[in-house]
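The structure under discussion appears below in the form of structure tokens.
Given below as structure tokens:
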């Protein structure tokens with residue numbers, strides 16, 4: 002093979018390896034902050050017998066919900082991961098973007114097409130004495146075309162498709178994190194509502210006993226009947242708080258059924274009590290520079306910025322000359338049976354050059370629009386990073402305040418219970434009024450409900466911290482890295 006032919010064969014590959022127009026993408030630098038809050042705490046106060054330690058640099062466990070040490074919860078999360086339809090849709094969308102990328106790679110290969118045709122033609126030579134001739138014409142041909150990606154516009158397009166794949170992969174990670182956190186939050190809420198119902202029913206037992214005592218005192222003539230009516234009114238009011246709590250349990254159950262990919266009628270869920278959920282005592286705190294490499298929403302915003310940056314190159318290349326190499330080879334014959342034996346061959350080889358000259362400013366402003374889109378994506382990325390840091394800071398502060406609130410609620414329950422029992426004893430002895438009993442009962446119920454809510458909030462904020470740090474999705478096969 003001589004040098005000229007060899008160069009002709011490798012020229013397209015050499016051109017495709019050239020530089021691409023448009024700005025190259027550079028990953029945004031991570032923030033230089035050393036922490037998430039101005040005065041970071043190392044641990045919370047002891048509340049409910051537990052203090053939580055904030056361990057900087059500790060890895061985020063992919064199956065973080067297992068740290069709650071509740072097999073029933075693990076089973077519910079497992080069902081959701083196996084059957085959730087939103088997660089399946091996210092997987093399908095990822096596969097779609099991957100197939101679009103594979104299709105985009107086709108531009109780097111010659112486009113080869115085959116064509117077969119048949120026609121009936123009339124040939125009239127236009128010369129006196131020579132009759133016209135009608136005949137069939139069968140043809141078979143092949144064409145090859147190869148656009149030279151001189152300016153890298155096609156490479157930028159494929160680069161944008163690759164960034165779209167990254168965006169969908171991180172969107173799948175976000176779906177995974179939101180699914181697991183929603184399931185765990187719903188289970189915690191269910192358990193809290195059950196404890197609130199138990200506390201309410203316990204208070205109702207006390208009120209019913211007080212009604213019995215008041216009736217006995219009315220019979221003995223020591224208490225007016227209005228006391229009985231007042232106590233019965235409070236008993237009925239307390240009982241009226243149960244249906245809304247039961248409704249919330251039903252709604253949480255229906256939500257879990259939907260998250261697990263089944264209908265409420267067929268959903269069978271193991272019951273979980275709040276006391277079965279163990280509070281994790283060592284909590285990870287990723288260093289800020291790693292947060293932007295872990296949070297799926299930040300990574301989605303980064304991938305969208307990458308795609309927008311690549312689109313500038315696509316728009317720039319559209320303004321420049323475009324060269325396409327082409328060739329064709331075929332045969333034709335009036336007889337189909339003789340097409341391959343005695344045919345008339347034809348061939349062609351050529352190159353085409355297209356240079357945009359005037360498009361009414363469309364190409365110029367399309368490039369301007371691509372730059373504007375890149376600037377918008379950059380601003381969105383920065384805002385997403387700020388929101389991520391805010392969420393981590395809010396959660397860390399929330400856990401600190403949750404422990405303080407739970408500690409105060411624990412003391413409130415103990416004090417209210419002692420006061421209630423003392424006043425009940427005094428009431429039975431006739432040295433306390435029914436008004437004092439009502440006040441003590443109300444304070445005790447309020448303290449019990451506040452304790453349950455504070456305990457549930459602490460658990461849910463612990464879940465929120467794992468979510469804010471990225472949920473450990475990079476350590477699980479549920480979300481593919483490649």
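Numbering (this note's numbering), first residue to last: 2 to 483.
All C-beta atoms in this analysis are idealised placements derived from N, C-alpha and C, irrespective of residue type, glycine included.
Keep in mind that this is a model prediction, so the values were computed, not measured.
Query	Result
Proximity to residue 274 [Cα-Cα], best of 191, 471, 250, 390	191
Beta-carbon proximity of residue 338 to residue 142, cut-off 7 Å	no
3 or more residues per run - each beta strand (DSSP E) lying fully within the region 246 to 312	283 to 286
Bounding residues of the alpha helix (DSSP H) (the contiguous stretch that carries residue 94)	86 to 105
Alpha-carbon spacing of residue 57 relative to residue 92, whole angstroms	33 Å
Same chain, Cβ closer than 7 Å to residue 25, five either side skipped, listed in chain order	none
Own chain partners of residue 316 with C-beta closer than 7 Å, once the 5 adjacent residues on each side are dropped	367, 368, 371
Stretch pair the region 385 to 394 + the region 291 to 306: three plus CB contacts closer than 8 Å	yes
Through-space distance from residue 37 to residue 291, alpha-carbon basis	12 Å
Three-state secondary structure (DSSP) of residue 51	strand
6 Å Cβ shell around residue 319 - same chain, five flanking residues per side excluded	364
Cβ contact check for the region 281 to 288 and the region 459 to 474: 3 or more pairs under 8 Å	yes
CB of residue 177 within 7 Å of CB of residue 393, strictly	no
Which of helix, strand or coil DSSP assigns to residue 365	helix
Simplified DSSP assignment, three categories, for residue 18	Because residue 18 carries a pLDDT of 44, less than 50, the predicted location of this residue cannot be relied on, and the following value inherits that uncertainty. Residue state, collapsed to three classes: coil.
Cβ-based neighbour list, residue 459, same chain, cut-off 6 Å, excluding 5 preceding and 5 following	403, 407
Proximity of residue 450 and residue 81 at Cβ, strictly below 7 Å	no
Selection from 208, 323, 170, 416 that minimises the alpha carbon distance to residue 88	170
Expected contact under 8 Å - CB spacing of residue 514 and residue 435 to nearest Å	Any property of residue 514 remains undetermined from this structure, which presents the chain solely from 2 to 483.
Closest residue to residue 377 among 305, 214, 412 (Cα-Cα distance)	305
Best match in 433, 472, 417, 40 for proximity to residue 452 [C-alpha to C-alpha]	417
Reduced DSSP secondary structure (H/G/I, E/B, other) of residue 43	coil
Nonlocal neighbours in the same chain, by C-beta distance under 8 Å from residue 215, ignoring five residues either side	224, 228, 229, 232, 435
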